[in-house]
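Residue numbers (our numbering), protein chains in the order written: chain A, 24 to 189; chain B, 2 to 386; chain C, 78 to 428.
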């Protein structure tokens with residue numbers, strides 16, 4: 024026949040599409056409803072009083088449900104960061120950008136977010152930042168309501184203040 | 002109480018970016034057949050099979066032990082599939098060893114693999130979950146901030162990572178199975194390679210590889226009949242901690258420190274730096290070498306980078322680390338941990354060819370995974386414990 | 078071999094779809110209950126092992142979130158299999174046999190409702206030649222059922238009787254999902270769904286979780302009045318391809334059952350993981366169970382099927398009979414893969 028039929032098959036493409044209905048769960052739902060109103064809500068571990076934000080409902084060290092509602096300010100500290108320079112399909116923004124661990128004032132764990140309005144070479148550990156929100160009318164139940172955290176005019180946090188949150 | 006366990010056969014594939022010459026089946030069999038041949042055994046001599054692999058979503062196969070059952074000679078046998086994130090290769094070896102140590106089986110085949118060319122690992126690692134921000138760009142994006150924290154804490158010179166990468170890449174030239182082999186590698190080439198996630202450069206990063214690793218683990222009776230020198234398992238240990246919690250130290254995780262301490266205790270080792278002849282350690286980004294040197298207790302906290310500077314971790318150093326070229330040179334994710342365990346065993350069997358550490362009699366294999374939260378380690382030796 | 082027993086068991090109520098809770102929220106109270114009933118403190122646990130599936134959860138590393146339910150601090154010796162919790166129990170049993178642990182927490186969890194389970198399970202097949210045809214799990218089971226019917230191995234009536242029996246048993250099980258008194262004639266009058274299977278022949282879709290605590294020797298005796306001792310446990314796998322095995326019997330269950338010592342004594346209770354009525358019949362035969370055996374007093378998988386926990390639940394339910402004194406010897410079974418490809422059998426005894 025033709026040459027093509029004598030070529031060994033080296034690979035095949037088999038597309039897979041699966042749809043999932045994802046439930047955030049009670050704790051995340053509370054957090055997400057809060058952020059839809061511009062509030063950053065954390066929860067406390069009843070055993071050691073540590074504040075978790077966003078909360079997934081369990082204190083990871085004690086295996087007990089976190090409790091209550093702690094409203095946190097949208098100001099915080101960059102404990103550590105990296106500068107992402109390679110693109111990826113999954114990213115919400117284009118590189119180069121600063122991906123940072125943000126420790127909100129009053130919280131005891133950090134979460135990942137972007138630092139904007141800051142040149143990569145100016146990024147530093149201990150930098151004080153504040154959330155820059157997208158327009159209110161576009162808010163949904165998502166951490167993406169915060170477009171980025173931007174540097175604010177406060178002196179850098181003391182290393183000791185955040186060294187346990189690296 | 003426990004039966005002694007030894008490695009009597011080791012096999013691995015030539016790791017490469019795309020092994021288009023084999024399917025997943027062919028890949029695992031290549032490693033398994035080599036391990037069986039090394040042990041001079043046949044498929045029917047194996048009592049049980051333990052398979053390890055990273056997340057199913059990489060290759061898009063759910064529970065691959067099922068479709069691979071007969072390809073791995075598993076029909077009519079017990080078969081398990083371990084999955085503990087990046088440390089999976091190590092955990093797989095430990096589960097296999099347990100089956101022997103418990104006195105349940107005399108010969109266990111353990112295999113770990115990844116066919117990354119048939120997967121989209123970057124996608125699978127960072128699937129966009131609803132309600133979340135997609136900011137973490139792959140594993141590097143997750144670990145780079147931790148490396149920055151290490152640099153700050155330790156005051157390590159900025160080029161420490163480059164030196165590690167140079168050593169591992171030179172070592173890889175002595176390992177015929179390694180994926181990345183750059184004969185002209187140099188400090189400058191690494192330093193000038195593109196910065197991916199500051200401070201990690203392209204040539205300081207692990208590749209994405211197709212590869213598999215297999216070992217035959219045996220009880221004392223089967224080991225006595227084995228053709229080559231056995232690598233006796235002196236100790237195994239695993240520790241896990243949560244991904245994120247208040248006050249968590251992700252740079253020098255306690256789970257790693259606890260795991261190593263418990264491991265040394267079990268193996269009767271009080272001075273690991275002196276009593277171990279070498280170690281194969283999971284270093285996917287160059288900076289993890291100095292970090293793990295501290296976590297493993299080979300160097301005091303904050304001084305792991307000095308071992309790199311002193312050449313202590315080079316092939317001719319006092320604590321050679323990753324003479325195989327390590328994860329930086331070959332990274333079939335599911336297999337990478339088992340490769341560390343296997344390479345350590347090869348060393349104490351005198352099987353490591355050009356990258357053999359002279360006179361190695363006691364070695365550490367180490368794997369970690371997740372957000373630096375899962376640790377699996379073993380110590381193997383030429384002497385029966 | 079060390080004497081190891083199941084000393085406690087807890088499960089979530091299986092639900093068709095739990096939209097309010099994520100996996101951690103479902104699992105946490107279950108783990109806590111199992112731990113509390115065992116009386117063994119977290120700091121004294123020798124080992125933790127879990128079973129779960131990423132493809133059920135629609136994300137990689139799904140098992141990582143499960144660990145939050147345990148509170149793994151200080152760091153714990155912990156592992157995971159991407160398999161039903163029954164195999165996690167096996168791994169934990171092995172760990173205790175090595176002497177490296179005296180107790181273990183085992184758990185399994187999953188929300189099958191999130192995706193289309195029968196389709197998701199098609200991914201368990203050969204990715205090159207089988208999966209691209211998307212043979213869903215129900216269709217594969219139907220192929221097997223037709224083979225069994227045409228070879229006279231079993232009848233539709235027998236299948237309907239299994240469905241009726243299991244769901245009647247489930248009336249006494251607060252955690253079961255599908256329960257009731259069903260009339261066999263009415264069931265047989267229903268149209269087939271995926272022929273020859275009718276809806277009642279198939280396990281439901283369930284969200285759920287389960288946890289078990291294992292302990293050795295005196296620790297077990299101190300933890301529980303009547304420990305359910307593991308007298309034998311074994312598991313075997315068959316080749317996957319449907320064309321190379323005899324689908325009218327479960328050879329690996331026969332083998333695992335023999336190795337686990339099912340025949341060494343009288344079986345009073347059997348909890349069998351048969352997601353389809355015809356498979357439950359094949360399993361009963363593979364284990365040589367007579368008419369005097371109480372099969373699936375919990376209702377089995379046909380009453381609740383939280384995949385990744387359902388096998389562990391069989392072990393837990395069988396253990397519960399021993400704990401309560403309603404049986405002295407029980408058999409528990411778990412399955413994985415298409416058409417009973419892989420099977421685990423465990424013999425539990427009260428002494």
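Quick reminder that beta carbons are idealized off the backbone N, C-alpha and C, glycines included.
Residue-level contact by beta carbon holds for residue 49 (chain A) and chain C, with a gap shorter than 8 Å. Residues 224, 225, 228, 230 of the same chain have their beta carbon placed closer than 7 Å to that of residue 325 (chain C), with the five preceding and five following residues left out of the count. When DSSP states are grouped into helix, strand and coil, residue 45 (chain A) belongs to the coil group. With respect to residue 143 (chain A), residue 106 (chain A) sits close: the two C-beta atoms are nearer than 8 Å. Residues of the region 233-260 of chain C with a Cβ closer than 7 Å to any Cβ of chain A: none. In the structure shown, residue 10 (chain B) adopts extended strand secondary structure according to DSSP, grouped into three states. At a cut-off of 8 Å between beta-carbon atoms, residue 182 (chain B) makes no contact with chain A. Closest in C-alpha terms to residue 336 (chain B), from the list B:247, B:14, B:6, B:249, comes B:14. In summary, residue 78 (chain C) is exposed, with fewer than 16 beta-carbon neighbours lying within 10 Å of its beta-carbon over all protein chains present. Here residue 188 (chain B) is exposed: its Cβ has fewer than 16 other Cβ atoms, across all protein chains shown, within 10 Å. The region 394-408 of chain C makes no contact with the region 173-189 of chain C, as fewer than three CB pairs between them are under 8 Å.
By the beta-carbon neighbour count (other beta carbons within 10 angstroms, threshold 16), residue 210 (chain C) is exposed.
When Cβ pairs closer than 8 Å are counted between the two stretches, the region 377-386 of chain B is seen to touch the region 233-242 of chain B, the count reaching three or more. Within the same chain, and ignoring the five residues on either side of residue 174 (chain B) in sequence, the residues whose Cβ sits closer than 6 Å to its Cβ are 182. Two segments are said to touch when three or more pairs of C-beta atoms, one from each, lie closer than 8 Å; by this definition the region 324-334 of chain B touches the region 203-212 of chain B. Along the region 105-190 of chain B, the alpha helix (DSSP H) occurs as fully enclosed runs of 4 or more residues at 122-126, 139-155, 161-173, listed in sequence order. Restricting attention to B:36, B:77, B:66, B:70, the CA atom closest to the CA of residue 83 (chain B) is found in B:66.
The C-alpha of residue 391 (chain C) is placed about 53 Å away from the C-alpha of residue 168 (chain B). Taking CB atoms only, residue 70 (chain A) has no neighbour in chain B less than 8 Å away. For residue 267 (chain C), the secondary structure class from DSSP, reduced to helix, strand or coil, is coil.
Per the DSSP secondary-structure output, residue 155 (chain C) pairs in a beta bridge with C:125. As for any alpha helix (DSSP H) of minimum length 4 sitting wholly inside the region 85-133 of chain A, there is none.
Neighbours of residue 81 (chain A) across chain C, judged by C-beta separation under 7 Å: 101, 105, 145, 146. Straight through space, the alpha carbons of residue 157 (chain B) and residue 296 (chain C) are spaced by roughly 49 Å. Under the Cβ distance rule, residue 240 (chain B) does not count among the residues neighbouring chain A, no pair being separated by less than 8 Å.
Residue 92 (chain A) is outside the set of residues whose beta carbon lies under 8 Å from a beta carbon in chain B. Under the DSSP assignment, residue 174 (chain A) falls outside any alpha helix (DSSP H), being part of the beta strand (DSSP E) whose first and last residues are 169-174.
A direct Cα-Cα distance of roughly 13 Å separates residue 257 (chain B) from residue 149 (chain C). The secondary-structure analysis by DSSP pairs residue 240 (chain B) across a beta bridge with B:376. Between residue 132 (chain A) and chain C, the shortest Cβ-Cβ separation is not below 8 Å. According to DSSP, residue pairing for residue 280 (chain B) in a beta bridge involves B:322, B:365.
Contact check between the region 356-373 of chain B and the region 249-259 of chain C: fewer than three CB pairs, one atom from each, fall below 8 Å, which does not count as touching.
Considering only B:80, B:266, B:114, the residue with the shortest C-alpha distance to residue 62 (chain B) is B:114. For residue 188 (chain C), DSSP records a beta bridge to C:284.
For residue 198 (chain B), the beta-bridge partners assigned by DSSP are A:107, B:201. Taking C-beta separations shorter than 6 Å and ignoring five residues to either side along the sequence, the partners of residue 344 (chain B) in its chain run 281, 325, following chain order.
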